[in-house]
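Numbering (the working numbering), first residue to last: 636 to 926.
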């Protein structure tokens with residue numbers, strides 16, 4: 636049986652496992668990233684993980700999904716923010732191939748999550764898809780004919796920086812913005828609440844939470860409409876922690892989209908919610924390896 640190591644490096648945790656050539660995840664685990672220790676410390680952790688995987692598994696390749704802007708051809712971190720110091724410039728592919736004498740692929744985590752959903756989740760059976768991950772910011776990925784659209788300088792899909800109502804959309808439609816706005820209006824420390832708090836109170840009729848959720852949705856729907864008019868994907872997939880509450884967000888988003896899309900476009904715009912949850916990045920890393 637051909638087996639592959641799949642590793643999803645996030646800012647908080649590293650998820651990892653073993654996947655078959657058919658795309659079945661047969662084991663998975665996670666450990667803390669400890670991102671504050673820096674990029675080379677993360678690579679050392681990845682090496683340890685691969686060594687552990689190889690004790691019981693004869694793997695044929697290494698599939699990496701990682702936070703940060705990636706040059707997939709070189710498998711190099713082009714840019715990583717301050718949350719992962721000294722990660723920019725790290726040649727992940729080269730380091731791991733040299734260490735283990737195995738082929739390795741490296742791709743951005745949002746792109747990997749999108750590939751996972753495209754081949755094995757909410758986007759299955761479609762030809763084109765845009766995936767938005769709503770969290771600390773807003774991540775995006777565009778898939779056309781089964782392949783990630785990178786653009787001229789690998790920046791296609793950086794949807795968080797799209798201007799909506801005079802702001803970057805991630806500043807007015809992310810979980811972070813939602814929590815901060817609710818906390819500000821309630822006069823409490825934003826670190827004392829989270830997205831779950833806001834949504835639970837939304838369902839309980841809290842006026843401030845309801846207004847802020849509806850404001851987020853309207854901003855998000857405007858951004859989605861811009862994407863739909865530009866790319867016209869078969870499906871838009873929404874992921875990230877708060878989007879697990881589909882029962883709240885689907886009716887609100889569909890209602891707002893009706894304001895921004897002409898009828899002929901609206902009826903052909905399919906909204907889906909991510910299905911793979913924590914395995915999307917690992918599965919997408921595997922599909923990227925085999926692209």
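Backbone N, C-alpha and C define an ideal beta-carbon position, used for all residues, glycine too.
Query raised in the report: Which partner residues of residue 766 appear in the DSSP bridge assignment?
Result: 776, 872
Query - Residues near residue 837 in its chain [Cβ-Cβ closer than 6 Å; skip 5 each side] - result: 844, 845, 848
Query raised in the report: Counting only runs that start and end within the region 653-727, where is the alpha helix (DSSP H) found for 4 or more residues in a row?
Result: 674-691
Query raised in the report: What separation, rounded to the nearest whole angstrom, lies between the Cα atoms of residue 719 and residue 820?
Result: 31 Å
Report task. Would you list the residues sitting across from residue 643 in a DSSP beta bridge? Result -> 650, 700
Query raised in the report: Three-state secondary structure (DSSP) at residue 740?
Result: strand
Query raised in the report: Is the CB-CB distance between residue 658 and residue 917 below 8 Å?
Result: no
Query raised in the report: For residue 915 versus residue 756, is the C-beta spacing smaller than 8 Å?
Result: yes
Report task. Give the range of the beta strand (DSSP E) segment to which residue 908 is assigned. Result -> 905-908
Query - Collapsed DSSP secondary structure at residue 911 in the structure displayed - result: coil
**Report entry** Opposing strand residues paired with residue 847 [DSSP bridges]
**Finding:** Looking at the DSSP assignment, residue 847 forms no beta bridge with any residue, so it has no partner.
Query raised in the report: Expressed to the nearest angstrom, what Euclidean distance is found between the alpha-carbon atoms of residue 766 and residue 852?
Result: 16 Å
Query raised in the report: Should residue 812 go down as buried or exposed, given a rule of 16 or more other Cβ atoms within 10 Å for buried?
Result: buried
Requested in this report: Determine the burial state of residue 897: buried for a count of at least 16 other Cβ atoms within 10 Å of its Cβ, exposed for fewer.
Outcome: exposed
Query raised in the report: Taking just the CA atoms, how far does residue 690 sit from residue 701?
Result: 24 Å
Requested in this report: Out of 675, 815, 841, 867, point me to the one whose CA is closest to residue 761's CA.
Outcome: 867
Query - C-beta contact flag for residue 783 and residue 763 at 8 Å - result: no
Query - Residue(s) in a DSSP beta bridge with residue 852 - result: According to DSSP, which records beta bridges pairwise, residue 852 is partnered with nothing at all.
Query raised in the report: Which class does residue 750 belong to by DSSP, given the choice of helix, strand or coil?
Result: helix
Query raised in the report: So residue 793 is in the alpha helix (DSSP H); what residue range does that whole segment cover?
Result: Run containing residue 793: none; DSSP gives neither H nor E here.
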